[in-house]
Structures are given as structure tokens and as C-alpha cells.
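This report concerns only the one structure given below.
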Amino acid sequence: MNKSIAIMLLSGLLLLSGGCSVVRLGYNHGASLAWWWLDSYVDFDRNQKPQVKQAIQDWFDWHRDAQLPVYVDWLSDVRSRIDGPLTSEQVCRWSEELQEMLAPAFDHGAQLGAPIALRLGEAQWKHLEKRYAKSNDKLRSEYLQSDPEDRLDAAVKRTIKRVENLYGDINKSQRALIISGLQVSPFDPEAWLIERQRRQQSTLSVLRRIAAESVPAATAAVELRQLIEHTHRSDDADYRSYQLRLSEHICSFIAHLHNNTTEAQREHAHDKLKKWENDLRVLSGSHQRTAKHFRIAAD
């Protein structure tokens, strides 16, 4: 019921390594994975369970038909352009296109999630608050190491893993380029955590308010959409300015790194995008639904 769900289901798809069967398997079991993830945050009761599972399945049925073909076209366009050099402006355009492309999925999720959000109670809000705290502790351990060298080393390892997933193995000069880029990055994990906690408290406040006021589902959907929007474009002016600076740096960093890749690495990226594109094309063309693998009724 927030943007993290869609990020896990959509953006996470593109971070999968390995063969095409992994992507197809992950998406075909996406409804079950989404239920497990969402229930770990909210702890739905037996009466809510069937409605939540049905909403998740409805989202996936809609998403397969309405959205996957759009992703295929976008991947095809990106793939056709990565054989040559890139500019920072091009990378930023792709980022903007991606946000626009994902927006309908978030919007549909808010629509389906609104009736569920209105049925949550105090015990579930407290469970969500504890789950938020747990996820924040994990973020601290992964991004907020007390030693600056340890923090940089962790960032380098994360970045190299993501780069090699697309381009294959990198060389020493590319590793040095990554390190130098991270050293001058405006990324501020402390500010990120503070903003994250602020949005979490805002989410809890909105959920409590719409339930207490018994607002119509349509009104609740509007509230959820606004929470999602503020995840991408913060309603805090200072943090929004920081988001823009960071985005510009990332676009420049990606373009510079790409322009320092070898022909073999670009071929690797081309082939990886082609595999993802083919996977999504197969999934979008399939009439088989995952409902048979995903029991709607509560145990």
C-alpha cells in the first residue's frame, strides 16, 4: 500500500541476476511474494486476508496486461541506445520516463489498497510502526557505518554489484572511477533516514485519520496517492532540493561510467536488457494467471 511494494515488484525485477527463467519465475510468483511482504508489515487478521490477497491478484492481472507491454517498449528503446556514448541528459530523461511509466502501477495499487487501509486497526498500526523501526535499523547497519572508510567501502561494494549485474566484470580503472564518483556524491544517508522516518510517521498519521473519519474509499485512495507522490517528490522543500542535486549527480555518474565501458561490456549490457525485454514480452503475452498458485481464501 505504499511505493515500496511497487518498487519491490517492478524495479526489483530489473535487478535480478541470472537467466530469463529467474525473472519469469519471480513475476509468476509475485502475488505470493507481495502477500508475504505486505503481511510482514501489517499483520492482517483472518477476516482481512481474503480481501488483501484478492486485491494483490487483481493488481497483478491488471499489471500483466496493461503495463508489461509498456516496459517492453521502454527496454527496447534503452537497449537500442546503449551501444554508443550517453549524456547525463539522456540518462535523466530515462529516469523521468521510468517514473512516468511506473506511475499507473502505483496509482492502481492505491485504488485497490484504499478499502483495505480503511479496515486497519490500532494493533496493525503498532505492528507497522515496529516493522518500520526494524527496517530503519537495517538501513543504519548497511548505510550508516560509524567509520567513514567502512561507509565508503560498503557503498563501493553495493555500486560495483549493481554495475556488474548489467555490464559484467569491471576493471581497476572503472573501480577507481566508481570510488571517485562516490567520494564526491551528495548522497547523505543521515538525511535520507530522517526523511524516511518523517514519511513513515506521515503514513501512520494518514492511516489512522482516514480510518477514524471513515472517509469514502475514493478519498482514501487520494490520500494514499499523495503519500506515494511524496516518496518520489518530497513535500519538504529542502529535501526536495537535495533530491534534485542527487539526481543530477547520479545521471552524470552513470553517463560517465557508461562512456568508460568497453565494447564487450556494452555488449553484455545489451544482451542483459534483451533478456529482460524477452522475459517481459513472454509474460505479457501469457494468458496463464498465477491465481492457481496463489490461494485467495484464508487458511
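Here the sequence shown is numbered in the working numbering, starting from 19 and rising by one per residue.
The C-beta atom is built at its ideal place from N, Cα and C for all residues, glycine as well.
This one's a predicted model, so the numbers in the text were calculated from it and none came from an experiment.
For Asn278, the secondary structure class from DSSP, reduced to helix, strand or coil, is coil. In the three-state DSSP reduction, Ser98 falls in the coil class, being neither helix nor strand.
Our two residues, Ile74 and Ile272, have alpha carbons roughly 34 Å apart in a direct line.
Pairing Leu275 with Leu93 gives a Cβ-Cβ distance that is not under 9 Å. When DSSP states are grouped into helix, strand and coil, Leu298 belongs to the helix group. In the three-state DSSP reduction, Val109 falls in the helix class (H, G or I). In this structure, the straight-line span from the alpha carbon of Lys290 to that of Arg99 is close to 14 Å. Cβ contact annotation for Gly139 (same chain, cutoff 8 Å, sequence separation greater than five): Ala229, in chain order.
DSSP, read as helix, strand or coil, puts Pro87 in helix.
Following the DSSP letters along the chain, one finds Leu104 in no alpha helix (DSSP H), marked with neither H nor E. In this structure, the CA atom of Ala239 is about 19 Å from the CA atom of Leu146.
Ile212 and Gly48 have their C-alpha atoms some 30 Å from each other. Here Val202 is exposed, its C-beta having fewer than 16 other C-beta atoms within 10 Å.
In the three-state reduction of the DSSP assignment, Gln66 falls in the coil class. In the three-state reduction of the DSSP assignment, Leu195 falls in the helix class, which pools H, G and I. In the DSSP assignment, Ile178 falls within the alpha helix (DSSP H) that extends over Pro166 to Tyr185. Contact between Glu295 and Val90 holds, with the beta-carbon distance rounding to 6 Å and staying under 8 Å. Note that the C-beta distance between Val181 and Ile197 is not below 9 Å. A residue is called buried once 16 or more other Cβ atoms fall within 10 Å of its Cβ, and Gly303, having fewer, is exposed. Secondary structure of Leu225 (DSSP, three-state): helix. Taking 9 Å as the cut-off, the beta carbon of Pro207 is found closer than this to the beta carbon of Arg169.
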